[in-house]
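Numbering (my numbering), first residue to last: 4 to 229. Only one structure is covered here, and it is reproduced in the block below.
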């Protein structure tokens, strides 16, 4: 519908979005969402086997796409090179290749190599809002973007759709899966300093929201894990 009315819709949407950014707030009706629980695997009776996906208006998702593009440069500059998930021009297969090469070299040159794979379980729903806004500000994202996102999460209503009925819920943490900016918000929480490719200390590789710790010392691996 928006594509069909592109000529007339673009200036209207631009005016709305500029006002939202200027006032650092959006109409709640624009940013409200309905969460549907998608079954992943395992028992249907275990709530942990469901992925919450937020259904939002197209107008809202266009707006957060604009915010993402404006914040992307600051976030990209802050990301370590080994972060390959959720980034344009990168692929998680690059880190898979690095791990494979390290294992091969450890056999070839006969040095010990310890690996630990860390999966951030329920990464999207575990993000704390206070820490998120602080992280975005520290990485240089413009205050108007941060404050607008904060308003969206503070004011927008969220309902869970269960058997055709929408039940309002209070959200205390977690970024909304299904929103265009959510992967970028998630990544801002997992930036760390890396020691680089130095076999004397751990190297952290990131596959989306999974990290791989590599080191030649088991004790060093335990310290890094903690």
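A virtual CB, placed ideally from N, CA and C, is assigned to each residue, including glycine.
- Between the C-alpha atoms of residue 51 and residue 31 there is a straight-line separation of about 29 angstroms.
- 146 is the residue among 56, 220, 98 and 146 whose C-alpha sits nearest the C-alpha of residue 77.
- Excluding sequence positions up to five before and after residue 109, its CB lies within less than 6 angstroms of the CB of 116, all in the same chain and listed in chain order.
- For residue 106, the enclosing alpha helix (DSSP H) has its first and last residue at 95–112.
- Going by C-alpha positions, residue 13 is about 45 angstroms away from residue 48.
- When Cβ pairs closer than 8 angstroms are counted between the two stretches, the stretch 159–169 is seen to touch the stretch 23–42, the count reaching three or more.
- At least 9 angstroms separates the beta-carbon of residue 71 from that of residue 154.
- Approximately 23 angstroms separates the beta-carbon atoms of residue 59 and residue 138; this is outside 8 angstroms, ruling out the contact.
- Judged by their CB atoms, residue 126 and residue 217 are not nearer to each other than the 9 angstroms cut-off.
- Excluding the 5 residues flanking it on each side, residue 156 has same chain C-beta neighbours closer than 7 angstroms at 132, in chain order.
- Along the stretch 124–149, the alpha helix (DSSP H) occurs as fully enclosed runs of 4 or more residues at 132–141, listed in sequence order.
- Between residue 80 and residue 45, the alpha-carbon positions lie close to 40 angstroms from each other.
- For the pair residue 68 and residue 151, the CB atoms are not nearer than the 9 angstroms cut-off.
- Under the three-state reduction of DSSP output, residue 39 falls in the strand class.
- In the DSSP assignment, residue 162 falls outside any alpha helix (DSSP H) and within the unbroken beta strand (DSSP E) covering 161–165.
- Under the three-state reduction of DSSP output, residue 219 falls in the coil class, being neither helix nor strand.
- Under the DSSP definition of a beta bridge, residue 53 partners with 42.
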